[in-house]
Each structure stands twice: as C-alpha cells, then as structure tokens.
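Scroll down for the structure; my scribbles are underneath it.
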Amino acid sequence: MDTAFNSFKHQQIDVKGISIHLVESGNKSKQTILFLHGYPENWRAFENIMYILKNDYHLLAIDLPGIGKSEQITSSDKLSIAAFLNDLIEKLNLKNIILVGHDCGGMITYSFIRHFANKIAKAIITSTAVPAVEPWEEVKRNPHIWHFAFYAIPNLPESLIEGKQRLLFDYYFDSLTFIKDAFSVDKRKSYADAYSNPLSLKTSFDWYRAFPKDEKDNANYIEVNIPVLYLKGDKDFGDIKNYIEGFKKSGLKNITGESIANSGHFTFEEQPYEVAIALDSFIKQKSK
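Each residue of the sequence shown is one higher than the last, beginning at 23 in the working numbering.
Here it is in structure tokens:
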C-alpha cells in the first residue's frame, strides 16, 4: 500500500546548523507522534501508517541525520543521536509527544527515554535488539545477523556496497519479511536512493561501528517510568518475552509487549494496519 506523496508536507529544519528532512501529516490539534526509521530505510518506512492515522494524530517522520535529505552530525552513537533529536524537538517546540522507533530508530528511542524522558508521554520500540540489553549477546551470535560484524569493519563495506545498495537492500527486504510483497518497486528504489550518497552509506555503517560505545552508554541501570510498548513481528527472530524481560532489567518499569501477527522484521511495511491498531490502543490507554 503505497500512498500519495501529496498527503505529506516536506520541510528542511535547521537544528544548530544541521538541515534535517521532516515530513508532516495529520491533524496539528491532535497528539504528536514522531517516527524514527531504521536500516536500510528512510522516513517512508512510516508512509503507510501515517496515512492510516492521519485523521487522529499529528504525525512527523524524519530522515535520520546523514540519511536521504538530512545532513550528517558528527557522532553515530545512539545517545548522541538522541541528544540531537532532543534539540530537534526543542526547535519544533513539541511537548509530551509519542516517540516511535523501528530497528536502529528503536535503539535511539531507547537512549532517548533514558535521558530525555521528560519530553515524551509514551514510547514505542519495534523490531530491534538494544546494545547491552538482553538478549543482545544472543542476537550478536545469531548467524542471520552477520551484517553486525561486517559493517563494523572500517572502509570495506563502503568499498563493496557503494553503487550496489539496491541489490543488498532487496536481499534484506526479501529475507527478513514474512509478507514477501510488502515492498513495492517504488519503495525499494526510494530506499536505495536514500543511501546513494557515499556519506549516507558510511553513516549507516557507522551506526553499527558505534555499538561498543552504545553498550557502554546502556550498561548502567536507569529507571524509566513512562509507558513503553515493545512491538515485534511473530515471524521475526527471537522470543518477545526475552526482550521484555531484558528491558525490565535495564530499568523500563512500565513496559509491555505485543506480537504483530504474520510479520517479519519490517512490521510497519508488512502489517501497517495491525501496527496502527496496536499504537492507537497503547496511546489511548490511561497511564498507570
């Protein structure tokens, strides 16, 4: 389900000298949801769900720094990106938002709620493991997650993949999905284009190279009391119960989990209506 681009307003927002591509839709009088994509996608990962929810929420999505039409920042560790995101939220004068992150965007969301929880009302983390949070070590040992180690090698991934992003990304979209036609030809091309700049490609690999720093940043216990929802496709790798338990041990005191039926890793693309229902239900629940 690819939606019409004229449903969205595109802006470039200056955040301390860095231009960030922001996409907006929905009702400005409603609760704001800010979406953070993962690898290898851009803001369009949320195009379908933004269309579904446009009457009930004020919806924002960005290209992460260095990806697509957003300029780079100096650091790629998730805490630094979260701090930059906090600057963006302040620039936009947003209050009590809902923060939603998928894949790498989920790692950033985790860092954000640990250090800037006062800026958000609730958070949703989807389809990701988080550095230093169980079952992180188990995930790193999974042979299907070979790219974690490969991308950590300096320079080599850039040399091998530059100009061949579409081939690699198609492999991920085909192998990590349960719904095999979830990605249209148009979206596949759009995602490859978003990483066509060598600096964008390097930025995405640097997310993985920053994992040792992320592990150190996440190692300490920080109690977080805001409501958090963890979503995961039921056909994705790993038992969701282990992820929820890991988050609780790390300090997320008010986290719940929900499996998305008939979905692999790319839940927002594979089952946008089911994810929309889960998000809407969670957001409308009264906080404990």
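Just so you know, even glycine gets a beta-carbon here, dropped at the ideal spot from N, CA and C.
Bear in mind that the values here come from a model prediction, so they are computed numbers and not experimental data.
Membership of Ala145 in the beta strand (DSSP E) is indicated by the continuous run 142 to 148.
C-alpha of Thr199 to C-alpha of Ile299: approximately 20 Å in a straight line. Look at Glu69 here: in three-state DSSP terms it is helix.
Met129 is the residue among Met129, Gly39, Asp239, Asn284 whose C-alpha sits nearest the C-alpha of Trp229. Residue range 277 to 282 is occupied by the beta strand (DSSP E) that includes Ser281. A check of alpha carbon separations from Pro62 across Gly273, Lys275, Asp236, Lys209 identifies Lys209 as the nearest.
For secondary structure counted as the alpha helix (DSSP H) over 4 or more consecutive residues, the stretch 68 to 111 holds these complete runs in sequence order: 69 to 74. Distances from the CA of Met72 to each of Pro87, Gly60, Leu86, Thr54 were compared; the closest alpha carbon is that of Thr54.
Glu237 and Val246 have their C-alpha atoms some 18 Å from each other. Here Leu190 is not near Ile201, since their CB atoms are 8 Å or more apart. For Phe191, the uninterrupted alpha helix (DSSP H) segment begins and ends at 187 to 197.
Looking at the backbone, the Cα of Glu156 and that of Ile266 are separated by about 9 Å. Judged by DSSP secondary structure, His43 falls within the beta strand (DSSP E) whose first and last residues are 40 to 48.
In terms of Cβ geometry, Ser222 and Ala216 form a close pair [threshold 8 Å]. For the 8 Å CB-CB criterion, Ala145 and Leu121 form a contact.
His287 places its beta carbon less than 8 Å from that of Ser149. Membership of Tyr213 in any beta strand (DSSP E) is not indicated; the residue belongs instead to the alpha helix (DSSP H) covering 207 to 216.
If you compare the alpha carbons of Gln307, Lys38, Gly90 with that of Asn276, the shortest gap goes to Gln307. Taking Ser272 as the centre and dropping the five residues before and after it, the same chain places the C-beta of Val155 closer than 6 Å to its C-beta, in chain order. Non-local beta-carbon contacts of Asn108 in its own chain, meaning distances under 6 Å to residues more than five positions away in sequence, involve Phe138 in chain order. Cβ contact annotation for Asp256 (same chain, cutoff 6 Å, sequence separation greater than five): Ser281, Ala283, in chain order. Between Ile40 and Glu112, the C-beta gap is not smaller than 8 Å, which leaves the two residues out of contact. By the neighbour-count definition (other C-beta atoms within 10 Å, threshold 16), His166 is an exposed residue. Between Phe290 and Ala67, the gap from beta carbon to beta carbon is short of 8 Å. Bounds of the alpha helix (DSSP H) holding His169 are 169 to 174. According to the DSSP assignment, Leu116 belongs to no alpha helix (DSSP H), since it is labelled neither H nor E.
In this structure, DSSP gives Val155 a state outside helix and strand, which the three-state scheme calls coil. Remark: C-beta atoms of Asn118 and Asp85 do not approach each other more closely than 8 Å. Linking Ser303 to Gly48 through their CA atoms gives a straight-line distance of about 18 Å. For the pair Ala232 and Asp99, the CB atoms are nearer than the 8 Å cut-off.
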